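>
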Amino acid sequence: MKVNASQLIEIGALANKGTSKSVNQENTTTVQNSDLKLAADTYHGSKEQIPDATCSRPIVLGEAQDLIEEPEQTSARLNEAYYQLYFNGDMYKAADELAGEYNQFMSELTSSDPQLAQKDWAFSVDKEGAIKVSGQLSADQISYLEDKLNANEKFVQLANDVKDNFLKYTELERGPSEQGTSEYWGKYDVNNENFSQIIDMRALVKEQSTEDDVSARIGYNLNMFGFIDNISSQLRTKAQATYAA
């Protein structure tokens, strides 16, 4: 059964409304059992497919063959990582809410300083958890934007939620071993220190759903496919695939 954008977003709507674990498990089963294509570092349009998360044998480490996790644990871990990263999990939900805050900020900036609002700039979260602005701006303009954005506690918290969930679930995707690997986002070396140098969060929240009838009807700010593809593109061009399988 083909899974299209509308079906994935409808699945996400159910997860948002409801109830919970049984829905999330159903969604992650859909990831495994559908023929949805997920490339090693892009969301769709590839010949590769997300592997079955169920392992045929326990994961072991080293000559002593120490048991790290049972096959059932591996399956549950990958199910959770795939759902949280590539569907409307916690990271996407935080980004979607952040997009609403960004829209409000840009509306105010357009009124107060339309020239600055039109400039090409970026923002991310630094290792201290503060909003960091970059781009072809003067030092005064960067300072002004950083002061404004960091003064919005909700904006800062949501931006940190996006970052924290990305780091948490890419690590989960790699697994408990120090030699963990991944074919997908988990293969990239993105951490607390270098996140702001790799992920431009302004580019993420600009993936608006204005032309996406299903997203708009459900009430999302972001187009989920555009959001996922944007992260994939940034990782592919700016991050090192240190943990590639």
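Residues in the sequence shown are numbered consecutively from 6, following this note's numbering. Backbone N, C-alpha and C fix where the C-beta goes; we use that ideal spot for every residue, glycine too. Since this is a predicted model, take the numbers as computed values, not measurements.
1. Can the beta-carbon of S196 be found less than 7 angstroms from the beta-carbon of S214?
2. How many angstroms separate the CA atom of E74 from the CA atom of S187?
3. Among the residues of its own chain, which have a CB less than 7 angstroms from the CB of Q89, if the five just before and after it don't count?
4. Give me the residue from W126, W190, L114, V210 with the minimum Cα distance to G231.
5. So which of G180, E176, I136, Y149 has the shortest CA-CA distance to P76?
6. What runs of the alpha helix (DSSP H), each 4 residues or longer, lie entirely inside the segment 145 to 233?
7. Reducing DSSP to helix, strand and coil, say where K132 ends up.
8. For S139, which three-state DSSP category applies?
9. Does the pairing of the segment 148 to 164 with the segment 98 to 110 give three or more beta-carbon distances under 8 angstroms?
10. When the Cα atoms are used, what is the spatial distance from T35 to Y189?
11. Helix, strand or coil for A250, going by three-state DSSP, please let me know.
12. Compare the beta carbon distance of E158 and V138 with 7 angstroms and say whether it is the shorter of the two.
13. On a Cα-Cα basis, can you pick out the residue from L172, F200, S129, I233 that is closest to Y107?
14. What does A127 pair with, by DSSP beta-bridge criteria?
15. If contacts are defined as beta-carbon pairs under 8 angstroms, then A127 and L114 qualify, I think. What distance do you get, rounded to the angstrom?
Reading from the atomic positions:
1. As a working note, residue 196 is residue 191 in the sequence shown. As a working note, residue 214 is residue 209 in the sequence shown. Just to set this straight, residue 196 is Asn in the shown sequence, not Ser. No; because the gap between Cβ atoms is not below 7 angstroms, this pair is not in contact.
2. Locating residue 74 in the sequence shown gives position 69, counting from the first residue. Locating residue 187 in the sequence shown gives position 182, counting from the first residue. Between E74 and S187, the C-alpha separation is close to 16 angstroms.
3. On the sequence shown, position 84 is the one that residue 89 refers to. So the list reads D95, M96, N170, Y174, once near-sequence residues are dropped.
4. Against the sequence shown, residue 231 aligns to sequence position 226. Comparing Cα-Cα distances from G231 to each of W126, W190, L114, V210, the minimum goes to V210.
5. Sequence index remark: in the sequence shown, residue 76 carries index 71 (1-based). The residue with the shortest Cα to Cα distance from P76 is G180.
6. 158 to 179, 200 to 203, 206 to 210, 218 to 223
7. Residue numbering aside, residue 132 sits at position 127 when the sequence shown is read from its first letter. In this structure, K132 counts as coil in the three-state DSSP scheme.
8. Taking the first residue of the sequence shown as 1, we reach residue 139 at position 134. Strand at S139.
9. yes
10. The count along the sequence shown starts at 1 and reaches residue 35 at position 30. The count along the sequence shown starts at 1 and reaches residue 189 at position 184. Because the pLDDT of T35 is 40, which lies under 50, any placement of that residue in the model is unreliable, and the question is left without a value.
11. The count along the sequence shown starts at 1 and reaches residue 250 at position 245. DSSP places A250 in coil when its eight states are reduced to three.
12. As a working note, residue 158 is residue 153 in the sequence shown. As a working note, residue 138 is residue 133 in the sequence shown. No, they are not a contact pair.
13. Locating residue 107 in the sequence shown gives position 102, counting from the first residue. Among L172, F200, S129, I233, the Cα nearest to that of Y107 belongs to S129.
14. By one-based count along the sequence shown, residue 127 stands at place 122. Note: A127 sits in a beta bridge opposite S139.
15. In the sequence shown, counting from the first residue as 1, residue 127 sits at position 122. In the sequence shown, counting from the first residue as 1, residue 114 sits at position 109. The Cβ separation is near 15 angstroms, so there is no contact.
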